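When we follow numbering that gives the first Met the number 0, the leftmost residue of the sequence shown carries the number 0, and every step to the right adds one. Even for Gly, the Cβ is constructed at its ideal location relative to N, Cα and C. This one's a predicted model, so the numbers in the text were calculated from it and none came from an experiment.
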Amino acid sequence: MGGLIKVQHGHHRRPTVQFTLKSIGLLWLIISLAWLSTTIYLYSSVTSYHNHMSEQRESERKIFVQGDTITAEALPQHNVGGGVDKNEHESTGTAVDSDSNLDMGNFFPVKKSEACVRKTNGQCEQYPCTGEDGVPIQTTLGYAGRFVTRDANVKKQAMRRGGGDWASGCVISHKHKFAYIHILKSGGSATKEFLRRSLCGEDDPECKRADPSVLRPIACTQIAKQHPDYFTFSFVRSPFSRMYSMYSMMDGFPRDREAGGHVTDTVPFAKFVMTDPGKRSAFTFMSPTHYWAQTDFTFSKDSCPSFDFLGRVEQFDQDMRIILEHLNAKEMIDYLDSIGGRVVQVNSWGSNKKKSISGGLQAEYSSSEVRDRVVDTYKRDFDLLGYDWHAVPST
Numbered sequence: 000m001g002g003l004i005k006v007q008h009g010h011h012r013r014p015t016v017q018f019t020l021k022s023i024g025l026l027w028l029i030i031s032l033a034w035l036s037t038t039i040y041l042y043s044s045v046t047s048y049h050n051h052m053s054e055q056r057e058s059e060r061k062i063f064v065q066g067d068t069i070t071a072e073a074l075p076q077h078n079v080g081g082g083v084d085k086n087e088h089e090s091t092g093t094a095v096d097s098d099s100n101l102d103m104g105n106f107f108p109v110k111k112s113e114a115c116v117r118k119t120n121g122q123c124e125q126y127p128c129t130g131e132d133g134v135p136i137q138t139t140l141g142y143a144g145r146f147v148t149r150d151a152n153v154k155k156q157a158m159r160r161g162g163g164d165w166a167s168g169c170v171i172s173h174k175h176k177f178a179y180i181h182i183l184k185s186g187g188s189a190t191k192e193f194l195r196r197s198l199c200g201e202d203d204p205e206c207k208r209a210d211p212s213v214l215r216p217i218a219c220t221q222i223a224k225q226h227p228d229y230f231t232f233s234f235v236r237s238p239f240s241r242m243y244s245m246y247s248m249m250d251g252f253p254r255d256r257e258a259g260g261h262v263t264d265t266v267p268f269a270k271f272v273m274t275d276p277g278k279r280s281a282f283t284f285m286s287p288t289h290y291w292a293q294t295d296f297t298f299s300k301d302s303c304p305s306f307d308f309l310g311r312v313e314q315f316d317q318d319m320r321i322i323l324e325h326l327n328a329k330e331m332i333d334y335l336d337s338i339g340g341r342v343v344q345v346n347s348w349g350s351n352k353k354k355s356i357s358g359g360l361q362a363e364y365s366s367s368e369v370r371d372r373v374v375d376t377y378k379r380d381f382d383l384l385g386y387d388w389h390a391v392p393s394t
């Protein structure tokens with residue numbers, strides 16, 4: 000009987016084991032199908048998101064200011080520091096010498112909405128401003144070309160570097176309550192000459208005969224400390240064209256004056272770019288301060304903007320008028336109108352040198368090594384100012 004019972008127990012257990020194995024197999028199949036379905040869904044979602052963001056970036060890339068009209072175009076957020084493909088993004092407008100008589104370029108994207116800035120955790124950051132309709136304005140561009148709303152804490156942050164004399168320093172007007180930050184090789188001489196002539200007259204080179212409140216030089220770092228509530232502005236430009244302006248300026252400051260000719264006739268642009276800034280003194284006695292990044296003049300070490308408006312050299316005349324209208328400086332607007340609405344060129348090394356280039360400025364940047372060096376050297380400028388490191392200006 001005991002043996003019979005064992006046989007019966009064994010007989011009844013076998014179907015149970017088979018049923019369990021089938022259940023496990025079915026469960027494994029269900030899990031596999033669920034995993035496959037989830038993978039396909041996630042892949043589809045990621046692909047859809049990627050396509051959406053690509054379309055959005057392409058849409059944003061279409062906001063160029065042309066004349067007085069903002070047509071659709073904005074610079075997408077970009078990663079800085081990688082290689083630059085000349086053929087990936089071609090310039091369709093004009094970039095000019097640092098102090099050129101400028102037309103408004105249609106290549107460099109701008110967005111006229113404000114950039115709101117606050118300082119948290121020791122660093123400055125942008126956050127969405129609120130438009131007139133109460134809807135937040137998303138900030139997707141660099142600072143250039145927009146008014147900047149800074150809180151009281153940010154306004155106290157001085158830039159990392161800055162000059163202090165009439166030639167290379169900042170200037171201030173207590174009469175109009177503005178300050179101008181002079182960035183070397185970014186239209187500084189032309190800007191200060193315009194300010195001087197519009198406020199002090201054509202025949203007062205350093206505004207010495209004018210009332211002291213009209214226009215005076217000031218150490219740049221003192222603006223934030225002494226006059227944080229003054230409207231502070233500056234102009235920036237593409238690091239690519241600015242580098243060429245530095246190169247061209249060597250002709251005015253040759254190391255060997257007795258040799259005659261132009262320094263740039265014997266020192267190719269590529270050699271100048273690839274030479275460490277500290278060793279360029281072998282070619283020129285031009286001050287190395289000209290090689291400083293534009294953001295050194297306009298941002299604190301915590302990336303806090305030291306300005307309320309940052310115009311672009313590529314659209315000098317238009318942005319100058321925007322500044323003057325904001326200041327409600329009628330006498331300065333009248334002067335701008337009297338000279339045809341165009342800020343007069345002062346230095347011409349870059350524009351003169353470019354006339355001798357065969358193939359335009361892009362020909363000078365035909366080497367990816369040269370392009371990459373500029374991007375790596377001035378990656379903070381590309382990032383914070385909003386210039387596209389893929390795009391080398393055509394002139």
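Start-to-end residues for the alpha helix (DSSP H) that takes in residue i
i	result
E330	K329 to S337
E368	S367 to T376
T263	V262 to T265
F271	F268 to M273
F282	Neither: F282 is in no alpha helix (DSSP H) and is coded neither H nor E.
R145	Careful: R145 lies outside any alpha helix (DSSP H) and carries neither H nor E.
R311	Not the alpha helix (DSSP H): R311 falls in the beta strand (DSSP E), residues F308 to R311.
P461	What the structure shows of the chain is the stretch from 0 to 394, and residue 461 is not part of that stretch, so it cannot be assessed.
F315	F315 to L326
Q361	L360 to E363
The beta strand (DSSP E) enclosing residue i, as first and last residue numbers
i	result
C303	Looking at the DSSP string, C303 is not in any beta strand (DSSP E), and its letter there is neither H nor E.
A114	A114 to T119
P216	R215 to I217
F232	F230 to V235
E205	Taken as a continuous stretch (DSSP letters only), E205 belongs to no beta strand (DSSP E), as it is neither H nor E.
Y126	Q122 to Y126
Buried or exposed (CB count within 10 angstroms, at least 16 for buried), residue i
i	result
F298	buried
L32	exposed
V64	Note that V64 scores a pLDDT of 27, beneath 50, so its modelled location is shaky and nothing firm can be said.
Y377	buried
D375	exposed
E398	Residue 398 falls outside the range modelled here, since the chain spans only 0 to 394, and no answer is possible.
D387	buried
L384	buried
V83	At V83, the pLDDT of 34 sits below 50, so the modelled position is not reliable; the number obtained from the coordinates is stated separately. Counting Cβ neighbours within 10 Å, V83 comes out buried, since at least 16 surround it.
E363	buried
I30	exposed
L343	Going by the sequence as given, residue 343 is Val instead of Leu. By the 10 Å Cβ count, V343 comes out exposed.
K278	exposed
K118	buried
Beta-carbon spacing of residue i, residue j below 7 Å
i	j	result
C303	V147	no
F232	I171	no
Q293	D202	no
P216	G168	yes
K184	H289	yes
G186	V312	yes
H175	L326	yes
V116	Q125	yes
R160	K300	no
R195	C206	yes
Neighbour flag for residue i against chain B, beta carbons, 7 Å
i	result
I39	Going by chain labels, chain B is absent from the structure shown, which holds only one protein chain.
Alpha helix (DSSP H) runs contained entirely in the segment 152-199, provided each spans 4 or more residues: 187-199
The segment 204-212 contacting the segment 314-331, beta-carbon criterion three pairs below 8 Å: no
Is the segment 276-283 in contact with the segment 220-240, if contact means three or more CB pairs nearer than 8 Å? no
Are the segment 241-249 and the segment 263-276 touching, with three or more C-beta to C-beta distances below 8 Å? Contact between the segment 241-249 and the segment 263-276 is present, because at least three Cβ pairs lie under 8 Å.
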